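Undergrad: Below: one structure in structure tokens.
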Amino acid sequence: MARDLAWLTARPVAHRGLHGLEDGVVENLPSAFQAAINANYAIECDLQLAADGEAMVFHDATLDRLTEATGKVFAHTSDDLKKISFKTTTDRMQTLGEFLDQVGGKVVPVIELKIPFGKEGPLEKRTAKLLKDYKGPAAVMSFNPRSMGWFAENAPDITRGQLSYAYDQGPALSMPWMRRMALKHMLLNWKSRPHFIGFDVNALPQWSVDLRRKLGLPVLTWTVRTDAHRDSAAKHADQIIFETFRP
1 MARDLAWLTA RPVAHRGLHG LEDGVVENLP SAFQAAINAN YAIECDLQLA
51 ADGEAMVFHD ATLDRLTEAT GKVFAHTSDD LKKISFKTTT DRMQTLGEFL
101 DQVGGKVVPV IELKIPFGKE GPLEKRTAKL LKDYKGPAAV MSFNPRSMGW
151 FAENAPDITR GQLSYAYDQG PALSMPWMRR MALKHMLLNW KSRPHFIGFD
201 VNALPQWSVD LRRKLGLPVL TWTVRTDAHR DSAAKHADQI IFETFRP
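According to full-length UniProt numbering, the residues represented by the sequence shown are 1 to 247, in order.
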């Protein structure tokens, strides 16, 4: 029986928290999350794995873009990562546990695991352990179907989503064409067995997304920033993951 995911699509989802609208509010940090909570938006956040196996709330695999440090997130322990200064804020990086404590069931966390192919396991295990004790609805998602497949096998009660996009730019172009098409059209959903889909608004409409939606899977679309994006989302998705404005 399909699970009721009305809670997942009830409110717009703030992409990496509510940031970029006020000076000093940086993505994936406590101030951005608090702003989203105050505005009653669901929150999308990203996870990277620390050297000690802790789940850290941070988008990039490297520290250079946002912080005063350099190098890979995975090269540092969680204690070290929490001490690193950011370029434009006094906020500090959180663990997933600290983020969940901050949210505390007040809004819905939608958690993206940043997992390269072949590295599945440790981050999923830590995330599942923390979500097991979390009081309130929450969801995980990833571009990596093996990551969501881990949850399907080991933590099936946690709501999971399959992310995808056109796979027509950047590092994706180095992939074999068949692999890009399989990922774009979510042909590995037999592995991830998702409860919902998260798809790039720039690649909508997409027949493979429309098909999943007709089969009953809710669709979140990202990252909605413009009126044109909102119009497309209204036709082809059930809720938006947004930034740079307040819906």
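Virtual Cβ for every residue (Gly too), placed ideally from N, Cα, C.
Remember, predicted model here, so these are calculated numbers, not experimental data.
1. If you draw a straight line from the alpha carbon of Y167 to that of E44, how long is it in whole angstroms?
2. The alpha helix (DSSP H) with M178 in it runs from where to where?
3. Nearest CA to the CA of residue 264: which residue from K125, N202, R180?
4. Roughly how many angstroms lie between the CA atoms of F86 and L66, to the nearest whole one?
5. Compare the Cα-Cα distances from L183 to each of Q102, P218, R146, L130 and report the closest residue.
6. From M181 to T90, what distance separates their C-alpha atoms?
7. Residue range of the beta strand (DSSP E) that I241 falls in?
8. Please report the residue range of the alpha helix (DSSP H) in which M148 lies.
9. May I have the straight-line CA-CA distance separating H236 from T223, to the nearest angstrom?
10. Buried or exposed: L96, going by 16 or more other Cβ atoms within 10 Å of its Cβ?
11. Of the choices A35, E98, I37, whose alpha-carbon is the least far from that of F58?
12. Compare the beta carbon distance of T9 and D238 with 8 Å and say whether it is the shorter of the two.
13. With burial defined as no fewer than 16 other Cβ atoms inside 10 Å of the residue's Cβ, what is the status of G170: buried or exposed?
14. Which whole runs of the alpha helix (DSSP H) in the segment 20-48 are 4 residues long or more, in chain order?
15. So, are the CB atoms of R213 and A152 less than 8 Å apart?
16. With a Cβ-Cβ cutoff of 8 Å, do V110 and M141 count as a contact?
TA: Taking the definition as stated:
1. The residue given as residue 167 occupies position 167 in the sequence shown. The residue given as residue 44 occupies position 44 in the sequence shown. So the alpha carbons of these two residues sit roughly 21 Å apart.
2. Taking the sequence shown and counting its residues from 1, one reaches residue 178 at position 178. Unbroken alpha helix (DSSP H) run through M178: 177-184.
3. Missing from the structure shown is residue 264; the chain here goes from 1 to 247 and no further.
4. By 1-based counting over the sequence shown, the position of residue 86 is 86. By 1-based counting over the sequence shown, the position of residue 66 is 66. Their backbone Cα atoms lie some 6 Å apart in a straight line.
5. By one-based count along the sequence shown, residue 183 stands at place 183. For L183, the nearest C-alpha among the options comes from R146.
6. Locating residue 181 in the sequence shown gives position 181, where the first residue counts as 1. Locating residue 90 in the sequence shown gives position 90, where the first residue counts as 1. Near 42 Å, if we compare the C-alpha coordinates of T90 and M181.
7. Position 241 of the sequence shown, counted from the start, is the residue given in the question as residue 241. Here the beta strand (DSSP E) through I241 covers 239-242.
8. For the purposes of this step, residue 148 is taken as the residue at position 148 of the sequence shown. Run containing M148: 145-154, per the alpha helix (DSSP H) assignment.
9. Mapped onto the sequence shown, residue 236 falls at position 236. Mapped onto the sequence shown, residue 223 falls at position 223. Using only the alpha carbons, I get a separation of about 14 Å.
10. On the sequence shown, position 96 is the one that residue 96 refers to. That one is buried.
11. As a first step, residue 58 is located in the sequence shown; it is residue number 58 there, counting from the start. Nearest option by C-alpha distance: E98.
12. The residue given as residue 9 occupies position 9 in the sequence shown. The residue given as residue 238 occupies position 238 in the sequence shown. Yes, Cβ-Cβ distance for T9 and D238 is below 8 Å.
13. Here residue 170 refers to the residue found at position 170 of the sequence shown. Classification of G170: exposed, given that the 10 Å Cβ count is below 16.
14. 30-38
15. The residue you call residue 213 lines up with position 213 of the sequence shown. The residue you call residue 152 lines up with position 152 of the sequence shown. No, the pair does not count as a contact, with Cβ atoms beyond the cut-off.
16. Counted from its first residue, the sequence shown places residue 110 at position 110. Counted from its first residue, the sequence shown places residue 141 at position 141. Yes; because the gap between Cβ atoms is below 8 Å, this pair is in contact.
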